[in-house]
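*Asks:*
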Amino acid sequence: MINTTKKSRVRVNDAITAQSVRLVDPEGTLERSSILGPGSHTGIMSRREAQRKAELLGLDLVEVSPNADPPVVRVMDFGKFQFDEKKTKKKQKIQKLKEIKLRPVTDEGDYKVKLRNLIAFLERGDKVKVTIRFKGREITHKELGMKLLERIKAEIGNAGVVDQEPKLEGRQLVMVISPKK
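In terms of numbering that gives the first Met the number 0, the sequence shown has 44 at position 45, counting the first letter as 1, and numbering is strictly consecutive.
1. Can you list, in chain order, the residues of its chain with a C-beta nearer than 7 Å to that of L114? Leave out the 5 residues immediately preceding and following it.
2. Given a cut-off of 8 Å, decide if L167 and L148 are closer than it, judged by their beta-carbon atoms.
3. Count the CB pairs spanning the region 39-55 and the region 105-114 that are closer than 8 Å, and state whether there are at least three.
4. Which first and last residues belong to the alpha helix (DSSP H) in which D109 is found?
5. Could you say which of E98, A14, Q163, S45 lies nearest to V20 if we only look at CA atoms?
6. Just the Cα atoms here: how many angstroms apart are K141 and K88?
7. Report yes if the CB atom of A17 is closer than 8 Å to the CB atom of P69, and no otherwise.
8. I need the straight-line Cα distance from E98 to V74, nearest angstrom please.
9. Pick from T139, N116, V127: whose alpha carbon is nearest that of S177?
10. Spell out the partners DSSP gives M145 in its beta bridges.
11. Would you identify the three-state DSSP class for T16, choosing helix, strand or coil?
12. If I measure Cβ to Cβ from K95 and keep anything under 8 Å in the same chain, skipping five residues before and after, which residues do I get?
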């Protein structure tokens with residue numbers, strides 16, 4: 000049996016303050032449950048009675064919906080529940096936005112290095128923002144920047160898909176590419 004700590008936002012066992020609760024069995028049903036004992040009903044009951052049923056099973060009483068009337072509590076192994084929550088949180092991939100900056104007059108060797116990095120970012124699962132910066136009078140030749148972005152779009156192949164088509168933002172052309180799933 001686990002008692003709640005200050006770190007935990009979920010109320011467990013004695014930390015539940017409501018006098019009457021709606022009990023849900025370990026399978027998540029509100030119907031008659033053989034696990035909670037013969038002829039036993041889940042549903043609305045006193046907190047003490049729900050706590051007693053959880054103790055008989057050697058499990059915890061966890062408040063899953065505190066704002067309901069009456070609050071919904073579930074009989075479960077709270078330690079296992081916390082472990083599963085941490086495991087699913089670790090599996091979630093946080094997608095970062097990387098940026099590749101180019102100029103319309105970028106040399107071929109530099110372009111290939113930037114393209115290789117762009118593809119590596121996409122394969123890692125990150126979004127990439129490709130920025131073409133114009134200096135001075137280069138802005139009069141926006142078509143050079145558009146050609147460069149079209150070339151990038153063609154050369155990334157199946158590594159990614161264009162999220163945001165090329166658009167002019169001040170003195171730079173911007174295109175956002177996300178990885179293919």
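Ideal placement from N, C-alpha and C gives every residue a C-beta, glycine not left out.
*Replies:* Walking through what the data contain:
1. I151, E154
2. no
3. The region 39-55 vs the region 105-114: no contact.
4. 107-123
5. S45
6. 44 Å
7. Their beta carbons are under 8 Å apart, which means A17 touches P69 by this criterion.
8. In this structure, the CA atom of E98 is about 48 Å from the CA atom of V74.
9. V127
10. None, per the DSSP bridge assignment.
11. In this structure, T16 counts as coil in the three-state DSSP scheme.
12. For K95, where only same-chain residues beyond five positions count, the Cβ hits under 8 Å are D125, K126.
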